[in-house]
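Asker: Residue numbers (the working numbering), protein chains in the order written: chain A, -9 to 735; chain B, 5 to 333.
1) Residue 200 (chain A) bridges to which residues according to DSSP?
2) So is residue 149 (chain B) in contact with chain A if we call contact Cβ pairs under 8 Å?
3) Leaving out five residues before and five after residue 60 (chain B) in sequence, what residues of the same chain have Cβ atoms less than 8 Å from its Cβ?
4) Work out the CA separation of residue 8 (chain B) and residue 333 (chain B) for me, nearest whole Å.
5) Kindly give me the distance between the Cβ atoms of residue 577 (chain A) and residue 294 (chain B), rounded to whole angstroms, as I take these residues to be in contact under 8 Å.
6) Leaving aside the five residues before and after residue 299 (chain B) along the sequence, list all residues of the same chain whose C-beta is less than 8 Å from its C-beta, in chain order.
7) Verify the CB distance criterion: does residue 577 (chain A) have a CB-CB separation below 8 Å to chain B?
8) Who are the near neighbours of residue 196 (chain A) in its chain, counting only those whose CB is closer than 8 Å to its CB and skipping five residues on each side?
9) Is residue 28 (chain B) close to chain A, meaning its C-beta is less than 8 Å from at least one C-beta of that chain?
10) For residue 141 (chain A), does the count of other Cβ atoms within 10 angstroms reach 16, so buried, or fall short, so exposed?
11) Taking 8 Å as the cut-off, does the segment 70 to 87 of chain A touch the segment 481 to 499 of chain A (at least 3 CB pairs, one atom from each stretch)?
12) For the candidate residues A:179, A:41 and A:614, whose alpha-carbon lies nearest to that of residue 549 (chain A)?
13) Which residue or residues does DSSP assign as beta-bridge partners of residue 190 (chain A)?
14) Measuring only between beta-carbons, confirm whether residue 326 (chain B) sits less than 8 Å from chain A.
15) Taking all protein chains shown into account, do 16 or more other C-beta atoms lie within 10 angstroms of the C-beta of residue 623 (chain A), making it buried, or fewer, making it exposed?
16) How long is the line joining the alpha carbons of residue 177 (chain A) and residue 161 (chain A), rounded to whole angstroms?
17) What are the boundary residues of the alpha helix (DSSP H) that includes residue 422 (chain A)?
18) Assuming residue 567 (chain A) and residue 607 (chain A) make a contact with CB atoms under 8 Å, what is their CB distance in whole Å?
19) Counting only beta-carbon separations shorter than 8 Å, does residue 23 (chain B) have a partner in chain A?
20) Can you confirm whether residue 158 (chain B), when its beta carbon is compared against all beta carbons of chain A, has any partner nearer than 8 Å?
21) Would you tell me roughly how many angstroms separate the C-alpha atoms of residue 275 (chain B) and residue 649 (chain A), rounded to the nearest one?
22) Of the choices A:384, A:381, A:385 and A:330, whose alpha-carbon is the least far from that of residue 364 (chain A)?
23) Roughly how far, in whole angstroms, is the beta-carbon of residue 271 (chain B) from the beta-carbon of residue 317 (chain B), given that I think they are within contact range, below 8 Å?
24) For chain B, is any of its Cβ atoms less than 8 Å away from the one on residue 643 (chain A)?
25) Just the chain A side, please: which residues come within less than 8 Å of residue 296 (chain B) by C-beta, in chain order?
26) Could you compute how far the alpha carbon of residue 734 (chain A) sits from the alpha carbon of residue 210 (chain B)?
27) Measure from the C-beta of residue 333 (chain B) to each C-beta in chain A and report whether the shortest distance is under 8 Å.
28) Check whether the Cβ atoms of residue 570 (chain A) and residue 27 (chain B) lie closer than 8 Å to each other.
29) Where do the N-terminal and C-terminal ends of the beta strand (DSSP E) with residue 672 (chain A) fall, by residue?
30) Cβ of residue 704 (chain A) less than 8 Å from any chain D Cβ?
31) For residue 150 (chain A) and residue 422 (chain A), I'd like the C-alpha separation in whole angstroms.
32) Do residue 418 (chain A) and residue 407 (chain A) have their C-beta atoms within less than 8 Å of each other?
33) If you draw a straight line from the alpha carbon of residue 592 (chain A) to that of residue 683 (chain A), how long is it in whole angstroms?
34) Considering only residues of the same chain and omitting the five flanking positions on each side of residue 340 (chain A), which have a CB-CB separation below 6 Å?
35) Whose C-beta lies closer than 7 Å to the C-beta of residue 65 (chain A) among residues of the same chain, with five residues either side of it excluded?
36) Taking DSSP as the reference, what is the three-state secondary structure of residue 261 (chain A)?
In structure tokens, the structure reads:
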């Protein structure tokens, strides 16, 4: 102010010197300012208005330029790695016998075994080799005690053969079962006499009698076929290296090539593997002497196209298996094998000559018409697995359980001698070479998740830990990493957990140098979201205001200019829109959009349209009022007199005069619109995730935990709304004063 | 005057009828599957006693949803004019019953708010007018603008955070404490009063801004009037000039402004009630509308529209009553 005044004074002092010839009423003596300049001058003199404009400018830069410099994306989710105990496996001391093989008789078996329990001591009175017969449904069984020691004995279960059924004392023998005449007589007599004996003895053979009903009896003869094993022991095979080679295609290819070339050894990854001819194939032996694979040639018949004619005589192409098109397949295969072993490149069967070609690791046999017929390739049969399937081999298990029962250090099976090493409560089985092939224990275990493969090392350490009541142990997991396991015992179940690396969403992280305002519930950078949220909030504000202006100016302009019936109708319309409550309408439509799963951009559009449609009435009224008074003024009479178009009169002469008032009003109402949009966002009815607006960021405060512990999520967003709205209100107030200085603020 | 009143009332009725129709049309324009969804939800709520197809039929029949919009509206209107607004889909009882259960809490809260508002904003407005363009005026203006710019949900949450979470001096939300039923009459009143402190404060802060500015503008007008100069010239003390001569004349526009508060009086404060979980009409209607409860939404919208029209008519009448110079033409 002072500077301006002094400048003006200087000018006045200087003026006479320069322009002495100016008359007193010369127009140049008056400093003329354009109306726009006057408004501007008045505006910037208002301190609050300037503050408002600065706030708006800062918010615009923050929202529209900020994201360019922000290192993070709008919906970038941040994570952090943590090591937490995670479920790994469960172990349990097995007390109930598991039935290996046919388990349909399990309940009958348990009952038969339970009958042998001493009622007073609760112990079983059993000896190794003791046999007890029992029946289940239509079958009879004999259980043979293999190992009477321990809390639950191990038994082998043998099936019995039904030889006769008696009805009312008449025995009928099963057809197809050869029964000794003497035995026949014994049974017939027993049936006719209504004998009470449960078992009959005949030449060392045991006959079990089952009374099905008062009149019906069934006679079973003992047999030596084991059907099942009942034992609490779990066997874990420990020799299983072959599987690793089987999945290694590079290794298999190298071996295949060596076999085709007839070499006696293969070098792979620094190890030497021996190839020796055995029977029809080749035996692959590992560097440590273990037999790995038996390699044989295998035929694979290809699908070929055969042309023929259908019943109408049209040529058709059919896909067929090659070998099924060869007339004498046996002769063909024989000739082919001969050709391969001789190393010739063609052979003839009947009239056809086939070519044999060696392709990389395969032989290709081509038919006379040039189509590929048969591919011969090496197949790998693991030999090392000789000991792998033993844990489910009944006879092996019988022999082993018996040995355990007797306390023998070894047992034989299939002519081979296996060692049994007693490690306290658990055992391990060794093969004739002295290698450990199996762990035997009554501890059952299992992984907690698909994808966890329990290593032999884990099983050993777990069993040891469970026996010695340790609460943690270190083992090597499936990836060869040393891992610490923790044991937690609940109701006799041993829950094993390991420290597992997991990636968690870094939600509600406190402010740090990386995230100046921390992260929100979804693990997104709050500061960056505020910038993007500002974009949405400001854009919504401006678009809605322009939409309101558009509708309001048209309706208000027409209504004010034409007056009369048009005015009445349009003003009633305005009153109608005014009467419709704002928030209820927005909430109803918002909830319906929720229900209909409207996309985030459609939703934003809908919100803007709704805010505009529900808010234009104020502007229409304003414009109408202004135009009503302007219409009567002289310049309009002049405009009418010149005869210009009505639309031109309204939009060129009337509306520009309303413009200042419109600008004031629009600026002031911008704040309100941003506020409304924020409120909708807070209620969860505005823009939706992953889009952000300031209101929807504050929305997270509805989660009590966010409110109580994570102030950085909601306080800054709310402040942004408050400051921006305040800025618009300040600026709007300032504009009003500047345009109309007579009006009181 | 009477002619004007009759015309104004008829216009108001027409606006309510048309406004309800617009609302009804908007709600009816929702996709048809929406009603089906609602029927499924309601049928699920009945625990298998009603099949959803039957529920859909009942809904269609009850609310005329199967006919055209106009016939449906006429049906709804016919029922509504007899006071039957149907059963709320959310609360499973008549809409009017829900309304009468909760409305008084909103009214109570708003009456207290009104007193607080008047006590704060009118003296401040007068102060600002008396000290125009001086420090108090600027402070009051900034304060008023800040109040207008405050998002209600934000100030409410900040209050909750400061007074309930950090300082723990006020209850977090609700209208009754845990031991409300064990308290005596005065204890009960005290309990509710403590629970109402924050909601009332929030509502008052949100509304004092505009009332303050309104008072200031009117006071300025009055203070510049000739009769004030006359009063001062008579040598009356400044206190008498302001309180007796000036303020009484400021009351005229203020009284008319108060009649415009009627809708917010009975309509409840939706967001504030939601933040503080005050079981008033605002919260109930918000919850109902958020779940697409059409009968309740129709009732609430109509109710607000009637209130708005009544308040407009009232303010016209008040204007004529308070200021005898007003002549209706």
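Heads up, the beta-carbon is just placed ideally off N, CA and C, and yes, glycines get one too.
Answerer: Checking against the coordinates, here is how it stands:
1) As a first step, residue 200 (chain A) is located in the first chain; it is residue number 210 there, counting from the start. In DSSP, residue 200 (chain A) forms a bridge with A:208.
2) The count along the second chain starts at 1 and reaches residue 149 (chain B) at position 145. Yes, contact with chain A.
3) Taking the second chain and counting its residues from 1, the one referred to as residue 60 (chain B) is at position 56. These residues qualify, in order along the chain: 39, 40 and 43.
4) Within the second chain, residue 333 (chain B) is the residue found at index 329, counting from 1. Within the second chain, residue 8 (chain B) is the residue found at index 4, counting from 1. Note that residue 333 (chain B) scores 45 on pLDDT, short of 50, meaning its location in the model is unreliable; the coordinates nonetheless yield the value given after this. Residue 333 (chain B) and residue 8 (chain B): Cα-Cα distance of roughly 8 Å.
5) To locate residue 577 (chain A), count along the first chain from 1; it is residue 587. To locate residue 294 (chain B), count along the second chain from 1; it is residue 290. With a Cβ gap of about 6 Å, residue 577 (chain A) and residue 294 (chain B) count as contacting.
6) The residue you call residue 299 (chain B) lines up with position 295 of the second chain. Taken in chain order, the residues that qualify are 67, 89, 90, 91, 92, 93 and 99.
7) Within the first chain, the letter at position 587 stands for residue 577 (chain A). Residue 577 (chain A) counts as touching chain B.
8) Looking up residue 196 (chain A) in the first chain gives position 206. Excluding residues within five positions, the ones whose Cβ falls inside 8 Å are 121, 123, 132, 189, 190, 211 and 212.
9) Locating residue 28 (chain B) in the second chain gives position 24, counting from the first residue. No, because no Cβ of chain A sits closer than 8 Å to the Cβ of residue 28 (chain B).
10) For this step, residue 141 (chain A) is matched to residue 151 along the first chain. Answer is exposed; the Cβ neighbour count stays below 16.
11) yes
12) Here residue 549 (chain A) is taken as the residue at index 559 of the first chain, counted from 1. Among A:179, A:41 and A:614, the Cα nearest to that of residue 549 (chain A) belongs to A:614.
13) Taking the first residue of the first chain as position 1, residue 190 (chain A) is located at position 200. Partner(s): A:197.
14) By 1-based counting over the second chain, the position of residue 326 (chain B) is 322. No - not a single Cβ of chain A is within 8 Å of the one on residue 326 (chain B).
15) Along the first chain, one-based indexing puts residue 623 (chain A) at 633. Per the 10 Å Cβ criterion, exposed.
16) Counted from its first residue, the first chain places residue 177 (chain A) at position 187. Counted from its first residue, the first chain places residue 161 (chain A) at position 171. Rounded to the nearest angstrom, the two C-alpha atoms are 7 Å apart.
17) In the first chain, counting from the first residue as 1, residue 422 (chain A) sits at position 432. No alpha helix (DSSP H) contains residue 422 (chain A), which DSSP labels as neither H nor E.
18) As a first step, residue 567 (chain A) is located in the first chain; it is residue number 577 there, counting from the start. As a first step, residue 607 (chain A) is located in the first chain; it is residue number 617 there, counting from the start. Indeed, because the Cβ distance is near 5 Å, the residues count as touching under 8 Å.
19) In the second chain, counting from the first residue as 1, residue 23 (chain B) sits at position 19. At least one chain A Cβ lies under 8 Å of residue 23 (chain B).
20) Within the second chain, the letter at position 154 stands for residue 158 (chain B). For residue 158 (chain B), the answer is yes, since a Cβ of chain A falls inside 8 Å of its Cβ.
21) As a working mapping, residue 275 (chain B) is identified with position 271 in the second chain. As a working mapping, residue 649 (chain A) is identified with position 659 in the first chain. In a straight line, the C-alpha of residue 275 (chain B) is about 35 Å away from that of residue 649 (chain A).
22) Locating residue 364 (chain A) in the first chain gives position 374, where the first residue counts as 1. Measuring from the Cα of residue 364 (chain A), the nearest candidate turns out to be A:330.
23) Position 267 of the second chain, counting from 1, holds the residue named residue 271 (chain B). Position 313 of the second chain, counting from 1, holds the residue named residue 317 (chain B). With a Cβ gap of about 17 Å, residue 271 (chain B) and residue 317 (chain B) do not count as contacting.
24) Reading the first chain from its first residue, position 653 is the one you call residue 643 (chain A). So no, residue 643 (chain A) is outside the interface.
25) Numbered from its first residue, the second chain carries residue 296 (chain B) at position 292. Going along chain A in sequence order, the residues near residue 296 (chain B) (Cβ under 8 Å) are 578, 581, 582 and 585.
26) Taking the first chain and counting its residues from 1, one reaches residue 734 (chain A) at position 744. Taking the second chain and counting its residues from 1, one reaches residue 210 (chain B) at position 206. At residue 734 (chain A), the pLDDT of 44 sits below 50, so the modelled position is not reliable; the number obtained from the coordinates is stated separately. Whole-angstrom Cα-Cα distance: 23 Å.
27) Counting from 1 along the second chain, the entry for residue 333 (chain B) is found at position 329. Low confidence applies here, because residue 333 (chain B) scores a pLDDT of 45, under 50, leaving its location unreliable; read the following figure in that light. Closer than 8 Å: no.
28) Looking up residue 570 (chain A) in the first chain gives position 580. Looking up residue 27 (chain B) in the second chain gives position 23. It is a contact, given that the beta carbons lie within the stated cut-off.
29) Taking the first residue of the first chain as 1, we reach residue 672 (chain A) at position 682. Premise fails: residue 672 (chain A) lies in the alpha helix (DSSP H), 645 to 672, not in any beta strand (DSSP E).
30) This model lacks chain D altogether, as its protein chains are A and B.
31) Position 160 of the first chain, counting from 1, holds the residue named residue 150 (chain A). Position 432 of the first chain, counting from 1, holds the residue named residue 422 (chain A). One C-alpha to the other measures close to 34 Å.
32) Sequence index remark: in the first chain, residue 418 (chain A) carries index 428 (1-based). Sequence index remark: in the first chain, residue 407 (chain A) carries index 417 (1-based). Result no, Cβ atoms of residue 418 (chain A) and residue 407 (chain A) do not sit closer than 8 Å.
33) Here the question's residue 592 (chain A) lines up with position 602 in the first chain. Here the question's residue 683 (chain A) lines up with position 693 in the first chain. In a straight line, the C-alpha of residue 592 (chain A) is about 15 Å away from that of residue 683 (chain A).
34) As a first step, residue 340 (chain A) is located in the first chain; it is residue number 350 there, counting from the start. So no residue of the chain qualifies.
35) The count along the first chain starts at 1 and reaches residue 65 (chain A) at position 75. So the list reads 514 and 680, once near-sequence residues are dropped.
36) Position 271 of the first chain, counting from 1, holds the residue named residue 261 (chain A). Strand at residue 261 (chain A).
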